[in-house]
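K.L.:
To get my numbering, take the position in the sequence shown, counting from 1, and add 729.
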Amino acid sequence: GLRLFVPQRFFVKVLPVFADLIQNPAFIEEDFSILKEKSKESIKLNLTKTRYTAMKGINNQLFGDFHPRGWLLSPDDSDLINLNEIKEYSFTNFSSKNCSIHVSGSVDNGTIKQIEEYFSKNFGDTKIKKNKNENKFSTKDTSKYYQIPNAVQSSIYMAKNLGKLSDEEIIDIGILNTILGGYFGSRLMKNIREEKGYTYGINSFLTDYDNCTVLKITSDLASKYVDPTIKEIFNELEKLATKPISNSELNTIKNYISGEILSSIDGVFQHSAIWEKLISSNRNENFINQQFERLKNISAAEIKQIANKIFNKSDFYTAIAGNSK
């Protein structure tokens, strides 16, 4: 999305320029050529980075070569795109039919009227199109090593596709993920960073796509610690699936997540960002209330049950990037 931060006294002057930028973008051949070269150099640089390579690798293993999330880019791919394709993509995908406007800060009726004046007309392709990208898996590479010459460290990405989840499941697994690796005092950080000293940092997170949610675990570390770290990750998954967490840890997690939610809606811009996220995922403010209610009532036994359901070792994909020589 595009964001505009502007003092209210300049809003009237800036708004028509901003609207024109969105509705009538100028695509200049010279600028496009420069951007293609920058893109090519950026891809070259990224392919020397272990974290980037492992991240792209795990997406390829999860979604396959023929899904946009799974494509492995090469520098020469930049040369395959022409300006007409960019224009067509812009016209098709950036239109009034899939556009929403979120306004926060010093807003009055005059502000709303001005926005309506410049954005009331249709722009772009107004036909509603369905996403053609199906969530298919076309790879059997559950574990893969990506060799990067001269790399001084290795990076690990582990992931499991959880499929399409309900709001209730998203909330439950979000709580479980926080316990696993979602904050500084998580199981993974305590074991692998603080006790074992294998890495300076390790974390887990959920990526919520339109048709699935993926749990990912990632860390950068010395190559000699790759195998021991993967072993300890699976150990922590097994512990959560077989042993209830203590009441002390559960209370810590509840307080931490509650604080994070409150912090995320503290202030007009944060409030706007939350609404943007809710609307884009077809949710409303009740989702936040659901989170608080679930935090209040979830038990250690329920968390163990959720972990037992999703932490199946054979379902996880692993991507390792580094220099094995």
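We put the CB at the ideal spot given by N, CA and C, even for glycine.
#1: Going by the DSSP bridge assignment, what does Val943 pair with across the sheet?
#2: Taking the alpha-carbon positions, what's the Lys765 to Asp808 distance?
#3: Within a Cβ cutoff of 8 Å, which residues of the same chain sit near Asp896, ignoring the five residues on either side of it in sequence?
#4: Are Lys968 and Leu1024 close, meaning C-beta to C-beta below 8 Å?
#5: Whole angstroms are fine: how far does the CA of Gly1051 sit from the CA of Ser987?
#6: Using the DSSP secondary-structure output, state which residues sit across from Leu728 in a beta bridge.
#7: Spatial neighbours of Gly730 within its chain, please: CB distance less than 8 Å, with the 5 preceding and 5 following residues excluded, ordered by chain position.
#8: Less than 8 Å between the beta carbons of Ala748 and Tyr847, yes or no?
#9: Since Gln843 is in the alpha helix (DSSP H), which residue starts that stretch and which ends it?
#10: Out of Glu961, Asn890, Ser849, Met918, point me to the one whose CA is closest to Phe792's CA.
#11: Count the other CB atoms within 10 Å of the CB of Asp901; is the residue buried (16 or more) or exposed (fewer)?
#12: Could you compute how far the alpha carbon of Ser934 sits from the alpha carbon of Lys785?
#13: In three-state terms, what does DSSP make of Gly799?
#14: Under 7 Å Cβ to Cβ from Glu1124, same chain only, skipping five residues before and after it: list those, please.
#15: Within 10 angstroms of its Cβ, does Val943 collect 16 or more other Cβ (buried), or is it exposed?
#16: Between Thr958, Ala783, Lys842, which lies nearest to Ser875 when the distance is taken from Cα to Cα?
#17: In chain order, what residues of the same chain lie with their CB nearer than 8 Å to the CB of Ala880, ignoring the 5 residues before and after it?
#18: Using a Cβ-Cβ cut-off of 7 Å (strictly less than) and excluding sequence neighbours within five positions of Val997, which residues of its own chain qualify?
#19: Consult DSSP for Leu875 and reduce its assignment to one of helix, strand or coil.
#20: Within the continuous beta strand (DSSP E) that includes Ala1048, where are the two ends?
#21: Measure the C-alpha to C-alpha separation of Ser1028 and Ser1001 and round it to an integer number of angstroms.
#22: Using the C-alpha atoms, what's the distance from Pro878 back to Thr971?
#23: Does DSSP put Ser835 in a helix, in a strand, or in coil?
#24: Within 10 angstroms of the Cβ of Gly839, are there 16 or more other Cβ atoms? Answer buried if so, exposed if not.
#25: Out of curiosity, what's the CA-to-CA distance linking Phe1040 and Glu1022?
#26: Ile1039 lies in the alpha helix (DSSP H); which residues open and close that run?
#27: Counting only beta-carbon atoms, is Val743 nearer than 8 Å to chain D?
#28: If you draw a straight line from the alpha carbon of Ala1036 to that of Val955, how long is it in whole angstroms?
#29: Would you check if the distance between the CB atom of Ser1043 and the CB atom of Asp949 is smaller than 8 Å?
#30: Nearest to Thr821 by CA position, among Ile751, Ser771, Phe1045, is which residue?
#31: Would you mind sorting Tyr938 into buried or exposed? The rule is 16 or more other CB atoms within 10 Å of its CB.
#32: With H, G and I counted as helix, E and B as strand and the rest as coil, what does DSSP make of Gly914?
P.N.:
So, from the listed chains and residues:
#1: Within the DSSP secondary-structure output, Val943 pairs in a beta bridge with Asn890, Thr936.
#2: A straight-line Cα-Cα distance of about 7 Å links Lys765 and Asp808.
#3: Within the same chain, Cβ atoms closer than 8 Å to the Cβ of Asp896 are found at Arg1012, Phe1016, Gln1019, the five residues on either side in sequence being excluded.
#4: No, these two residues do not count as a Cβ contact at 8 Å.
#5: Each residue's alpha carbon lies about 38 Å from the other.
#6: Past the edges of the chain, shown from 730 to 1054, lies residue 728, and the structure says nothing about it.
#7: For Gly730, where only same-chain residues beyond five positions count, the Cβ hits under 8 Å are Glu1005.
#8: In contact: Ala748 and Tyr847 (Cβ atoms closer than 8 Å).
#9: Gln843: member of the alpha helix (DSSP H) spanning 838–848, first to last residue.
#10: With distances taken between Cα atoms, Phe792 lies closest to Asn890.
#11: Burial check for Asp901: the Cβ neighbour count within 10 Å reaches 16 or more, so the residue is buried.
#12: In the sequence under discussion, the amino acid at residue 934 is Phe, which differs from the Ser named in the question. Going by the C-alpha atoms only, they are around 16 Å apart.
#13: In the three-state reduction of the DSSP assignment, Gly799 falls in the coil class, being assigned neither a helical nor a strand state.
#14: Because the chain in this structure spans residues 730 to 1054, residue 1124 falls outside the shown range and cannot be described.
#15: So Val943 ends up on the buried side.
#16: Ser is not the amino acid found at residue 875; the sequence shown has Tyr there. The shortest C-alpha separation from Tyr875 is found at Ala783.
#17: Only Thr777, Thr779, Ala1050, Gly1051, Asn1052 meet the Cβ criterion.
#18: Here the set comprises Ser833, Gly834.
#19: Sequence inspection shows Tyr at residue 875; the Leu mentioned does not correspond to that position. Note: Tyr875 maps to strand in three-state DSSP.
#20: DSSP places Ala1048 inside the beta strand (DSSP E), whose first and last residues are 1046–1051.
#21: Taking C-alpha positions only, Ser1028 is separated from Ser1001 by approximately 32 Å.
#22: Going by the C-alpha atoms only, they are around 40 Å apart.
#23: Here Ser835 sits in coil by DSSP.
#24: Residue burial is scored here from C-beta neighbours: Gly839 has fewer than 16 other C-beta atoms within 10 angstroms and is therefore classed as exposed.
#25: Taking the straight line from one Cα to the other gives about 25 Å.
#26: Per DSSP, Ile1039 belongs to the alpha helix (DSSP H) from 1029–1039.
#27: In the displayed structure, chain D is absent; only one protein chain is listed.
#28: Each residue's Cα considered, the two are about 24 Å apart.
#29: In this structure, the beta-carbon distance from Ser1043 to Asp949 does not fall below 8 Å.
#30: Closest option to Thr821, Cα to Cα, is Ile751.
#31: Result: exposed.
#32: For Gly914, the secondary structure class from DSSP, reduced to helix, strand or coil, is coil.
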